[in-house]
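Here is the structure we will look at.
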Amino acid sequence: MNPGFGLSTLRSWWQKLVAPLDGPLMTITALLVLLAFGVMTSASPERINPQLLNMAVALAVMRVVAQVPPQRLMHLAVPIYLLGILLLIAVALFGDVSKGARRWLNLGFMRIQPSELMKIAMPLLLAWFFQKREAMPRMRDYAIAAIMLLLPVGLIARQPDLGTAILVLAAGFYVIFFAGLSWKIMIGMAVAAIAAAPLAWNLLHDYQRHRILTLIDPEKDPLGKGFHIIQSTIAIGSGGFFGKGWRSGTQAQLEFIPERHTDFIFAVFSEEFGLLGNLVLLVLYALLIGRGLMIAANAATLFSRLLAGAVTMIFFTYAFVNMGMVSGILPVVGVPLPLVSYGGTALVTLFLGIGILMSIHGNRMLVQK
Amino acid sequence: MEFKNPQEELERFRSRLAFAGGFVLFCFSLLFIRFVWLQVVQHDYYQTRAEDNRISLVPIVPNRGLIVDRKGEVLARNYSAYTLEITPSRAGNLDKTIDGLAEVIEIEAKDRRRFKKLMDESKSFETLPIRTRLSDAEVAKFIAHRYRFPGVEIKARLFRQYPGGAFASHILGYIGRITDADLGEIEKVEQDANYRGTEHFGKTGLEQHYEFELHGISGHEQVEVDAGGRAVRTLSRSAPVAGNQLTLTVDAELQRIAELAFGDRKGSLVAIEPSTGGILAMVSVPNYDPNLFVDGIDTQSWRELNESPQKPMVNRALNGAYPPGSTFKPFMALAALELGKRRPEQAIADPGFFNFGGHHFRDDKKGGHGMVDMYKSIVHSCDTYYYVLANDMGIDNIAAFMGQLGLGSRTGIDIKGESKGVLPSQQWKKERFKKPEQQKWYAGETISIGIGQGYNAYTPIQLAQATATIANNGIMFRPHLVKYVTDTRSGEKRPIEPEPLRDLKLKPENIEVIRNAMIGVNKEGTGARAFAKAEYVAAGKTGTAQVFSYKGAEHKTESMAAHLRDHALYIAFAPADKPTIALAVLVENGGFGAQAAAPIARQVLDYYLLGKKPKAPAPADEDAVEGDAQ
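Chains as they are written, first to last, in our numbering: chain G, 1 to 369; chain S, 1001 to 1630.
As structure tokens, then:
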């Protein structure tokens, strides 16, 4: 009856709803999502509706997680990790094969990709692990952390799913890095990695080697393996400074760009919005990452810090690897452009990460030194 | 054990965060540099690549030029029809696809065979017709089932059509799919770009010789294509220019009458306008239907045509070399006059044979013709006269004169692949044989040369050209089939100028002697029956060329196998005083020239000079008395 009453009720509901959310993070995310739907309208308008649905689910997940205090998340770290490992083993034993890789587990009522879970479970577990050490972490602790990290990474790499393996490895590594692993050891490991590169080359699958060779010389196989990279670099390059305009990219509209709504959506964006658009995108990601690092810096506990830092850097990894591969400076691995590429799984994972950041922010140190 | 110092720990963590932030900025800078490189520095290059991707130049094949006869009757034209085409590389299992198609649209065994032959000749990404000339109903039927057949499509194409069927096929020739050899030809004249969309190429006849006149200029369409190569929209279009039209010197009606005159006999007729060299009719029968070749001929039909004992694929007018028999005699007589070896009134006594080194060269007439002068030697075709003459002249004198008349060399007609025939001489024999004992020319070999036998072998067009040269008082023209080429764009008519090859500088009085004698042939000699009651004066000469040589014994044509029977020949020009047509007729295994060849010439001349159309093919005159023989 009383419109004033209804309005104030609505306002209080809204305030309750947005209370756990971080304003700056939400703004940057909203801008990225807006941009994402703009590109999607151009690249694949028929996928707008399903992506809106994905978005709704992801936002709900974010909102829920944002309200969960970090302490409770910490309790979940070990069970989630163990569950993830079990599922990965199950995939290796009973998983469905699609496109030559065994990545999916059919549960009867739905198919899940357990490796996706590890992207969050991994930093969660390692952050929990370092929080639990009462003393300054020592070599032994780093070694244990490394084993806990490499077990799922190995399982995922074997599927094979190099993109996810890299992301999980990176996520875990960030925790270890932020936990204070000494520079000496990191440099030593880097040298060892370079030395072991030839050995690793032999362990790669043929198609993975092809991707790396294709990166070095895509024109060698212009209609086969090189096609993706050639067409996406043509799209980016032909976009020029200002771009060809929204929905006017010939490479995109005439379907020369493969997978233009998922992994290669950046090529569509870049063709239509040019260098200027790319700069805007880079700045938005930089702001998102900057805000995440700020949240990490002010987090209350070691667990929160490590988790926030790692989750933030996951965004960076996604963004850098995707744009790097689409523009032809990194090999093609299946990594989507965060918050922009079509696909529900990655979107939920990323918004889960944002939710975690918001939760940590909501429970930050109240007294600044 | 070192315990945690929260403050120190936080400081270290924050420094690591700062490092991470720096790393992020560094990596993003790398990306930005990469973007600047691609989008600013290399922009022009990628812009071009994107345009190349987007725009495809689709050639539009021009309409092939028409071929019409001298009065405008269309002999070769184009029509548009739907074809069902398969791209083998996209169709998967071909046999299955074709079986499936056969359930929807009628596909004959012939179509399958032809398709198989096309497959062997082309690359797998080319689209090849499995069925041509689909009806509208068939098109609709296929479209309803199209989803079942990847790599199969309906295309509207222009086809070459020869409305007369087998009529004049050896003049027109045919077109067929472009082969690698054809591509070589195209590259040689730098027409590659113009032929980008063209699928057919002239293979024989005029279609081959005038290929680059008939083809026209390809147009092209700039279309925007998507990654799958499908045209999305047209950006610009330049229209093709149809090929030029050929107007022939050939009179189609005359050609038709000449072809019909042969009935089911094999042979050739060449009629030339003596004052220009323009060919009025050029017959080689049996014919073949060039329409069979247009969509690609199937293996079985091809083999049937090629292996038929009738040899329909051989253009007898240009590639059949036959001994001229007694049609050689007027040329011999003219040579004798020109070289001063004989005077017209000079007569010999003919005992019915000529004795040379103990060998009797027999005359056809037992007991001989009595006293024979030059006129009588031609009118009654006296062999002995020419045995003696040949012996008196010697082979090299004969060869030199006949060579001037064009015998034994290509006439230069506008059809490729003409044969030279054989003009025997000492030189020729030396080159022809390998063993020294075979290389020597024996005087006895000269004797039968005099009556058009021995090594003599000439094509019908050479005989026609030689006859036309005499008719034209010694001025020889290059025979040609095309009168003028009409340029499609300007409408300008480019005449094929009559090309005088040479002037033999024959003495008019000598020509007069030969002309008179040849008139006599048709009035009172071997051609008299065939030309009874002719309303014009025609000069002619019959001939019979021996196919099979009998030693000593007389031979009777009736009892011989058909393919061993003599060839019948006839040469003529008319009207005798002011010739407008000269011709040579050859009927393979026709027997006597007067019997088989002269009646054909009569029908042709009757039509050409009087407009009289015959009611039936020229009858073989079984009762004709043949004066000439070997």
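Yeah, the Cβ is synthetic: ideal placement off N, Cα and C, and Gly gets one too. Computed from a predicted structure; not experimentally measured.
Q: Give the DSSP bridge partners of residue 1059 (chain S), in chain order.
A: By one-based count along the second sequence, residue 1059 (chain S) stands at place 59. BP columns for residue 1059 (chain S) point to S:1220.
Q. Which residues share a DSSP beta bridge with residue 1289 (chain S)?
A. The count along the second sequence starts at 1 and reaches residue 1289 (chain S) at position 289. Answer is none; residue 1289 (chain S) lacks a bridge partner.
Q.
At the level of alpha carbons, what is the spacing between residue 357 (chain G) and residue 234 (chain G)?
A. The residue labelled residue 357 (chain G) in the question sits at position 357 within the first sequence. The residue labelled residue 234 (chain G) in the question sits at position 234 within the first sequence. Distance between the alpha carbons of residue 357 (chain G) and residue 234 (chain G) is about 37 Å.
(Q) So the candidates are S:1545, S:1182 and S:1218; which of them puts its Cα closest to the Cα of residue 1197 (chain S)? (A) Sequence index remark: in the second sequence, residue 1197 (chain S) carries index 197 (1-based). Residue S:1218 is the option with its Cα nearest to residue 1197 (chain S).
(Q) Could you pull the DSSP bridge partners for residue 1267 (chain S) from this structure? (A) Against the second sequence, residue 1267 (chain S) aligns to sequence position 267. Residue 1267 (chain S) pairs with S:1285 and S:1587.
(Q) What ranges does the alpha helix (DSSP H) occupy inside the stretch 1058-1133 of chain S, keeping only unbroken runs of at least 4 residues that lie completely in it? (A) 1088-1091, 1094-1104 and 1109-1121
Q.
Let me confirm a value: residue 139 (chain G) is counted as buried when at least 16 other C-beta atoms fall within 10 Å, else exposed. Which label applies?
A. Position 139 of the first sequence, counting from 1, holds the residue named residue 139 (chain G). Exposed: under 16 other Cβ atoms inside 10 Å.
Q: Taking only beta carbons into account, state which residues of the stretch 274-305 of chain G come closer than 8 Å to chain C, listed in chain order.
A: No chain C is part of this structure, whose protein chains are labelled G and S.
Q: Answer yes or no: do residue 1450 (chain S) and residue 1391 (chain S) have a C-beta to C-beta separation smaller than 9 Å?
A: As a first step, residue 1450 (chain S) is located in the second sequence; it is residue number 450 there, counting from the start. As a first step, residue 1391 (chain S) is located in the second sequence; it is residue number 391 there, counting from the start. Result yes, Cβ atoms of residue 1450 (chain S) and residue 1391 (chain S) sit closer than 9 Å.
**Q.** Within-9 Å CB hit, residue 254 (chain G) to chain S
**A.** The residue labelled residue 254 (chain G) in the question sits at position 254 within the first sequence. With 9 Å as the cut-off, residue 254 (chain G) counts as an interface residue toward chain S.
**Q.** Inter-residue Cα distance where the pair is residue 124 (chain G) and residue 169 (chain G)
**A.** Position 124 of the first sequence, counted from the start, is the residue given in the question as residue 124 (chain G). Position 169 of the first sequence, counted from the start, is the residue given in the question as residue 169 (chain G). Cα-Cα distance, rounded: 13 Å.
Q | residue 1568 (chain S) vs residue 1593 (chain S) beta-carbon contact at 9 Å | A | By 1-based counting over the second sequence, the position of residue 1568 (chain S) is 568. By 1-based counting over the second sequence, the position of residue 1593 (chain S) is 593. It is a contact, given that the beta carbons lie within the stated cut-off.
Q.
Just list the residues that DSSP pairs residue 140 (chain G) with in beta bridges.
A. Position 140 of the first sequence, counted from the start, is the residue given in the question as residue 140 (chain G). Paired residue(s): none; residue 140 (chain G) is not in a bridge.
Q. At least one CB of chain G closer than 9 Å to the CB of residue 1034 (chain S): is that the case?
A. On the second sequence, position 34 is the one that residue 1034 (chain S) refers to. Output row for residue 1034 (chain S): interface = yes.
**Q.** CA nearest to the CA of residue 1501 (chain S), picked from S:1172, S:1412, S:1352 and S:1311
**A.** Residue numbering aside, residue 1501 (chain S) sits at position 501 when the second sequence is read from its first letter. Considering only alpha carbons, the answer is S:1412.
**Q.** Environment of residue 1343 (chain S) [buried if 16+ CB atoms lie within 10 Å]
**A.** Walking along the second sequence from the start, residue 1343 (chain S) turns up at place 343. Classification for residue 1343 (chain S): exposed.
Q) Within 10 angstroms of its Cβ, does residue 145 (chain G) collect 16 or more other Cβ (buried), or is it exposed? A) Counting from 1 along the first sequence, the entry for residue 145 (chain G) is found at position 145. Looking at its Cβ environment, which holds 16 or more other Cβ atoms inside 10 Å, residue 145 (chain G) is buried.
Q) Quick one, are the C-beta atoms of residue 24 (chain G) and residue 63 (chain G) less than 9 Å apart? A) Translated into the one-based positions of the first sequence, residue 24 (chain G) becomes position 24. Translated into the one-based positions of the first sequence, residue 63 (chain G) becomes position 63. Contact flag unset, no.
Q: Please report how far the alpha carbon of residue 1285 (chain S) lies from the alpha carbon of residue 1586 (chain S), in whole angstroms.
A: Taking the first residue of the second sequence as position 1, residue 1285 (chain S) is located at position 285. Taking the first residue of the second sequence as position 1, residue 1586 (chain S) is located at position 586. If you take the alpha carbons of residue 1285 (chain S) and residue 1586 (chain S), they lie about 10 Å apart.
Q.
For residue 1135 (chain S), which residues in the same chain have their Cβ closer than 7 Å to its Cβ, ignoring the five residues on either side in sequence?
A. Position 135 of the second sequence, counting from 1, holds the residue named residue 1135 (chain S). Nothing listed; no residue qualifies.
Q: Find the nearest neighbour of residue 1205 (chain S) within the set S:1466, S:1355, S:1414 and S:1036, judged by alpha-carbon distance.
A: Numbered from 1 along the second sequence, position 205 holds the residue referred to as residue 1205 (chain S). Taking only the C-alpha atoms, the option nearest residue 1205 (chain S) is S:1414.
Q) By a C-beta neighbour count over all protein chains shown, 10 Å radius and 16 as the cutoff for buried, is residue 1189 (chain S) buried or exposed? A) Taking the second sequence and counting its residues from 1, the one referred to as residue 1189 (chain S) is at position 189. Residue 1189 (chain S) is exposed by the Cβ-count criterion.
Q. Between which two residues does the alpha helix (DSSP H) containing residue 1154 (chain S) stretch?
A. What you label residue 1154 (chain S) is simply residue 154 of the second sequence in a count that begins at 1. For residue 1154 (chain S), no alpha helix (DSSP H) encloses it; the enclosing beta strand (DSSP E) starts and ends at 1152-1161.
Q) Between the C-alpha atoms of residue 1553 (chain S) and residue 1620 (chain S), what's the straight-line distance to the nearest angstrom? A) The sequence position of residue 1553 (chain S) within the second sequence is 553, counting from 1. The sequence position of residue 1620 (chain S) within the second sequence is 620, counting from 1. Residue confidence is low: residue 1553 (chain S) scores 42 on pLDDT, short of 50, so the model does not pin down where it sits. No coordinate-derived value is stated.
Q. Between which two residues does the alpha helix (DSSP H) containing residue 1170 (chain S) stretch?
A. Numbered from 1 along the second sequence, position 170 holds the residue referred to as residue 1170 (chain S). 1169-1172 is the extent of the alpha helix (DSSP H) around residue 1170 (chain S).
Q. DSSP on residue 1544 (chain S), reduced to helix/strand/coil?
A. Taking the first residue of the second sequence as position 1, residue 1544 (chain S) is located at position 544. Note: residue 1544 (chain S) maps to strand in three-state DSSP.
Q. Would you call the CB atoms of residue 1272 (chain S) and residue 1330 (chain S) closer than 9 Å?
A. Working through the second sequence from its first residue, we reach residue 1272 (chain S) at position 272. Working through the second sequence from its first residue, we reach residue 1330 (chain S) at position 330. In this structure, residue 1330 (chain S) does not lie closer than 9 Å to residue 1272 (chain S) by Cβ.
Q) Excluding five sequence neighbours on each side, which residues of the same chain lie with their C-beta closer than 7 Å to the C-beta of residue 301 (chain G)? A) Numbered from 1 along the first sequence, position 301 holds the residue referred to as residue 301 (chain G). These residues qualify, in order along the chain: 70 and 131.
Q: Tell me whether residue 111 (chain G) sits in a helix, a strand or coil according to DSSP, three-state version.
A: By one-based count along the first sequence, residue 111 (chain G) stands at place 111. Strand at residue 111 (chain G).
Q. Given that residue 1079 (chain S) touches chain G, what residues does it touch there, using C-beta distances under 7 Å?
A. Taking the second sequence and counting its residues from 1, one reaches residue 1079 (chain S) at position 79. Ordered by position in chain G, no residue passes the 7 Å Cβ test against residue 1079 (chain S), which lies about 36 Å from the chain.
Q: For the stretch 1038-1049 of chain S, enumerate the residues whose C-beta is nearer than 8 Å to any C-beta of chain G, in chain order.
A: 1038, 1039, 1040, 1042, 1043, 1045, 1046, 1047 and 1049
Q) Does any residue of chain S bring its CB to less than 9 Å from the CB of residue 29 (chain G)? A) In the first sequence, the residue the question calls residue 29 (chain G) occupies position 29. Not an interface residue.
Q. From what residue to what residue does the alpha helix (DSSP H) around residue 1397 (chain S) run?
A. Counting from 1 along the second sequence, the entry for residue 1397 (chain S) is found at position 397. From DSSP, the alpha helix (DSSP H) with residue 1397 (chain S) extends over 1395-1404.
Q.
By DSSP's criteria, residue 1350 (chain S) is part of a beta bridge. Which residues make up the other side?
A. Translated into the one-based positions of the second sequence, residue 1350 (chain S) becomes position 350. Answer by DSSP bridge pairing, in chain order: S:1370.
**Q.** Close-in-space but distant-in-sequence residues of the same chain around residue 42 (chain G) (CB under 8 Å, 5 per side omitted)
**A.** The residue you call residue 42 (chain G) lines up with position 42 of the first sequence. Around residue 42 (chain G): 246, 247, 249, 252, 253, 268 and 272.
Q) Would you call residue 1258 (chain S) buried or exposed, if buried means 16 or more other Cβ atoms sit within 10 Å of its Cβ? A) Locating residue 1258 (chain S) in the second sequence gives position 258, counting from the first residue. Flag for residue 1258 (chain S) reads buried.
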